[in-house]
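Using my numbering, the first residue of the sequence shown is number 1, and each one after it goes up by one.
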Amino acid sequence: MAEPMRGLYALPCGVDFAAEFVRGLLERYRGRPPQDLARVTICVNATATLSAIRRALDDHGPLLLPRLRVVTALAPDPLALPDPPEPPLARQLQLARLVAGFAATRPDLAASSVPVLAKSLADLMTEMQREGSDLPALEAIDTGDHARHWQNALVFLRIAAGFYLDGAASDQAARQHLAAEAAARDWPLGLNLPDGPVIVAGSTGSHGATRLFMQAVMALPEGAVVLPGFDFDQPQAVWDRLDERAEDHPQARYAPLIAAGPPRPWTDLAPPSPARGRLVSLALRPAPVTDQWITEGPSLPDLMGATEGLTLIEADQPGQEAEAIALIMREAAETGRDITLIAADSGLIRRVTAALDRWHIRPDDSAGQPLPLTPPGLFLRQVAALFGEALTIDRLLILLKHPLTATGSDAVARNDMLRHARDLELRLRRKGPAFPDAAFLHDWATKGDASRKIWAEWLAGMVERITPLARDRGPRPLPERLADLMSLAEALAAGPDGDAGRSRLWQDKAGQLSRAVLDHLAEHAPLGPPLSPGDFCALLIGQLQTKSQREDIASDHRLRIRGPREARIFGHGAVILSGLNEGGWPQAPSPDPWLSRQMRLAAGLPVPERQIGLAAHDFQQAIGAKRVILTRARRDAEAETIPSRWLNRLVNLMSGLPDRNGPEALAAMRARGRLWLDLAEAIARPETRTPPAPRPAPVPPGNPFADLPVTDVATLIRDPYAIYAKRVLGLRPLPPLRPQPDASLRGQALHAIVEALLRGDADVTDPAALKARFLTLADEVLARQVPWPAARAFWSARIAGIADQLVADEVARRAEGRPVVIENGGRVTVAGFDIVLTARPDRIDMLHDGRVVIYDYKTGDPPSDKQIAAFDKQLILQAAMARRGGFADLGPVDVAGIRYIQLGKRGETHLREHSLDLEGQNWEGLVALLRAYLTGEVGFTAMRAPAMLSFAGDYDHLARYGEWALTDAAEPQKVGDHG
């Protein structure tokens with residue numbers, strides 16, 4: 001019979017903790033009656049460990065199983081506390097009321113989210129309960145040397161702690177600590193002893209309540225604690241120095257537990273690589289004693305053997321890192337071997353999963369898909385975002401194209417709904433309005449088939465319901481907000497004449513989870529404070545984030561994706577430790593808005609570095625596996641990355657041990673990693689190399705276009721390919737999904753203001769009356785065309801600033817003549833070609849002597865004479881058209897000059913050089929230009945003469961700019977049917 005269980009045990013890093021724990025347990029109960037095992041109570045650190053131990057027990061065949069518990073679920077005698085513990089959400093909402101009142105008195109917290117602050121405060125209260133800290137601990141903190149922020153925070157924190165911590169233990173964390181205190185108090189006295197052996201397995205004692213319970217168990221006659229990932233190679237001198245200043249050390253949590261002596265091995269199994277364990281143990285020594293590298297490093301075994309199972313992948317980008325990891329996992333799937341990817345970065349996990357999906361490989365991801373990223377979660381988030389915000393085109397289309405929208409209706413087929421949504425998108429992009437309303441949708445409904453009418457009328461009704469929500473910006477009771485969210489979400493999911501109950505909103509697993517989250521929130525909503533739309537969204541996302549959806553599809557159980565905390569239970573097979581960069585693994589500790597580091601120490605709470613130490617322990621356990629691949633990316637999307645401190649220490653230690661072949665071993669690790677990077681690069685490289693596209697200069701057949709606006713002449717000179725794409729191919733850039741008050745809209749509004757002034761007040765010459773009328777028209781046009789209040793106010797102020805100059809110049813112009821052509825079109829056929837030159841001048845004034853002056857409004861800087869001579873031909877060609885009778889309101893006339901009226905800056909009028917000879921030269925130049933392109937003498941070269949090297953055109957992607965450079969010669973090529 002094996003020795004009795006009592007005291008402290010441990011398993012080394014790198015072993016399969018669950019399997020070895022079960023093996024050691026069954027060895028100790030070999031030869032004993034089966035019912036003895038059923039008397040054992042095993043308390044584990046987490047449900048994942050519990051599941052792993054249960055699977056390991058199943059592997060040994062039929063057994064009377066021990067009782068399995070999670071240590072955080074411990075509670076006192078039910079007779080003492082008969083009521084169930086308060087749900088964490090209820091406590092969080094109660095604290096949110098306190099936080100909302102506190103934030104109202106603190107201007108520096110006005111921009112903070114009440115639910116986020118309440119969540120951080122609830123986490124702090126839970127931490128205090130687990131550590132056994134109470135209100136007197138907070139009252140004992142001396143804030144004399146702290147900033148005013150911390151002093152104010154502590155005053156409120158004492159109030160919150162008095163509410164949260166006083167009274168009966170209503171929270172699970174408080175009950176766990178009460179149970180641990182009772183065990184530590186009663187068991188040594190022989191009171192309330194457990195009815196059988198008790199084992200704590202897999203816990204590091206990172207919380208005070210757990211550590212207290214572990215110490216009580218160790219003192220039992222039949223009590224044992226089995227530590228995971230214990231460093232048996234660490235000298236006692238290092239253990240003696242592990243205090244609160246060494247919280248970032250991986251073994252620091254074990255120091256209080258081994259004060260009475262080191263643990264005994266739970267089994268006789270050695271770690272997969274003892275030599276590597278010594279290397280890692282030395283590399284992770286606390287920073288103040290890294291001088292031991294010099295003294296103990298030479299005693300390490302040869303590092304070539306110690307690192308034989310280590311591979312180091314240092315990719316240039318996160319995408320390359322994910323591709324290499326996917327290849328390693330693919331190889332494991334092909335060879336039937338186990339492999340576990342341990343990752344803290346959810347983005348990296350998504351990249352790896354997507355890469356594996358190319359080969360139809362589905363790994364077993366323990367985290368599943370976060371509920372906010374599932375279709376119901378996204379739908380609820382989008383609906384919640386409608387409150388307090390104007391309904392924009394993109395917000396509307398996101399809802400219309402969502403797969404859950406209108407799924408409860410049979411009135412319109414799904415494909416027809418998507419077709420209508422596409423047609424509506426194109427209409428809104430091209431012509432607006434920027435903020436769709438019911439009146440527009442009612443009108444749009446009449447311009448299609450019966451299916452569109454049904455769908456658009458339903459949508460108009462929904463928009464009538466949604467539009468007023470933009471004014472809902474203040475706090476409202478949480479139950480009302482939640483009811484409004486569910487009502488609107490169900491209405492959108494129901495569809496035209498549909499039923500929300502028949503929709504897919506709550507049907508599948510993600511929908512059921514989402515509904516359960518909302519029902520749970522509704523149950524406790526009366527406890528919460530009134531919330532603004534933004535705070536309600538933060539609360540909703542936070543609650544959805546607590547759940548995840550595991551895929552129902554079959555996954556390959558040999559390929560596992562796990563979080564860092566699960567490293568201790570997956571020691572079999574190969575292990576990939578990914579994302580080894582600072583900020584990734586380890587992640588930066590979350591800032592505590594309530595207590596500073598010194599205040600936490602004074603209150604008896606762990607410092608933030610403890611989270612770094614727990615992550616370091618996860619790393620030390622995982623790197624002890626037989627085959628380990630370490631991966632990182634040298635850059636992320638923003639800048640160069642910093643290697644994880646543990647990887648950095650390992651690399652630096654090996655580089656400094658040439659006598660132990662450290663540099664050679666490190667080079668071999670990198671060489672093994674380079675092989676995977678090369679394979680990933682080879683897979684990404686196309687089998688055949690596609691040569692870069694030449695600089696295009698297409699030559700279309702015949703007469704490529706029948707008319708050409710004068711505004712396109714400058715483009716024809718600078719970027720002929722854009723004219724080819726626009727006039728020959730008929731392509732137009734798609735307007736943005738969310739219109740903005742940009743320079744283009746500002747120019748249109750200013751043109752409309754001046755046009756309205758000229759058409760309605762052409763005879764007014766009194767400056768004061770003209771200015772008043774101008775400003776009135778400006779307000780009317782801006783109100784009609786610019787639906788953004790901030791832009792409207794800003795532009796109105798700028799217009800008022802130049803009004804005096806504009807009015808003074810306008811009075812002078814009216815003294816010279818009168819406007820005859822105001823935004824009216826004109827056309828002239830170019831002799832010798834079947835093409836019409838068109839124009840729509842902003843303004844042409846007839847002078848008293850019968851000549852005309854041609855004006856153009858510019859919101860930016862007007863072109864100079866040199867620019868007009870080179871490419872900006874708009875006004876000079878309009879002058880030539882006027883001389884040739886191109887405008888019906890004028891007939892053939894003599895041109896006195898061309899001028900630009902600046903509608904920005906100072907509002908001045910700029911005269912430009914003009915003469916009959918200059919007109920003739922430019923007209924002849926136009927004829928020669930058209931001849932060259934229309935007869936096929938030259939091709940429509942892409943970016944022939946851009947104004948700037950940074951010039952970006954609407955058709956650069958079509959011309960495949962980037963595959964060729966501006967220094968490349970164009971290659972004219974006939975396109976189309978030349979006969």
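Cβ coordinates follow ideal geometry from the N, Cα and C atoms, glycine included. Small disclaimer: the values here were computed from a predicted structure and weren't measured.
- Contact check for G461 and G408: beta-carbon distance about 15 Å, past the 8 Å limit, so the pair fails to qualify.
- Of the residues assessed, N703 falls on the exposed side of the cut-off, its CB having fewer than 16 other CB atoms within 10 angstroms.
- Residue pairing by DSSP places I844 opposite V821 and I854 in a beta bridge.
- For R148, the enclosing alpha helix (DSSP H) has its first and last residue at R148 to L165.
- Boundaries cannot be given for Y724, as no alpha helix (DSSP H) includes it and DSSP labels it neither H nor E.
- Under the rule that a run must span 4 or more residues, the alpha helix (DSSP H) segments found entirely inside the segment 256-318 read 274-283, 292-296 and 303-306.
- Under the three-state reduction of DSSP, T49 is assigned to helix.
- Taking a contact to require three or more Cβ pairs closer than 8 Å, the segment 319-332 and the segment 674-683 qualify as touching.
- For L930, the closest alpha carbon among the candidates E127, V836, P946 and P301 is that of V836.
- W359 counts as exposed, since fewer than 16 other beta carbons sit within 10 angstroms of its beta carbon.
- By the neighbour-count criterion, in which a residue is buried when 16 or more other Cβ atoms sit within 10 angstroms of its Cβ, Q251 is buried.
- In this structure V607 is in contact with L601, their Cβ atoms being roughly 6 Å apart against a cut-off of 8 Å.
- In this structure, DSSP gives T41 an extended state, which the three-state scheme calls strand.
- In its chain, beyond the 5 residues on either side, V764 and V807 have a beta carbon closer than 6 Å to the beta carbon of L770.
- In the displayed model, D618 falls within a helix according to three-state DSSP.
- If you check the CB distance, A942 and R695 come in under 8 Å.
- At the C-beta level, Q545 and L371 come within 8 Å of one another.
- Looking only at R106, T143 and P88, the smallest Cα-Cα distance to L121 is reached by P88.
- Only exposed fits K431, as fewer than 16 other CB atoms lie within 10 angstroms of its CB.
- Runs of the alpha helix (DSSP H) lying entirely within the segment 587-613 and spanning at least 4 residues, in chain order: 597-602.
- If you ignore the 5 residues before and after E490, its C-beta comes within less than 7 Å of the C-beta of A500 and L505, all in its own chain and listed in chain order.
- Proximity of the segment 839-848 to the segment 820-830 meets the contact definition, three or more beta-carbon pairs being nearer than 8 Å.
- Its chain contains C43, V44, N45, A46, T47 and L50 as the residues whose beta carbon lies nearer than 8 Å to that of V70, once the 5 sequence neighbours on both sides are disregarded; these appear in chain order.
- Judged by their CB atoms, A306 and A354 are not nearer to each other than the 8 Å cut-off.
- In terms of Cβ geometry, S596 and W293 do not form a close pair [threshold 8 Å].
- Between E810 and D865 the beta-carbon gap is near 24 Å, outside 8 Å, which marks them as no contact.
- Within the same chain, L397, L400 and K401 come within 8 Å of A421 by CB-CB distance, once the 5 residues on both sides are set aside.
- Annotation: the continuous beta strand (DSSP E) that includes H910 extends over T909 to R912.
- Between P564 and I349, the alpha-carbon positions lie close to 13 Å from each other.
- Its chain contains V200, G205 and V225 as the residues whose beta carbon lies nearer than 6 Å to that of M214, once the 5 sequence neighbours on both sides are disregarded; these appear in chain order.
- In the structure shown, Y955 falls within a coil segment according to DSSP collapsed to helix, strand and coil.
- Within its own chain, the residues whose Cβ lies closer than 8 Å to the Cβ of I258, once the five positions on either side in sequence are excluded, are L8 and W239, listed in chain order.
- Contact annotation: Q549 and A510 have beta-carbon atoms nearer than 8 Å.
- Note: I802 is not bridge-paired with any residue in the DSSP secondary-structure output.
- Inter-segment contact for the segment 775-783 and the segment 882-895 is absent: fewer than three beta-carbon pairs are separated by less than 8 Å.
- Between the C-alpha atoms of A385 and S744 there is a straight-line separation of about 29 Å.
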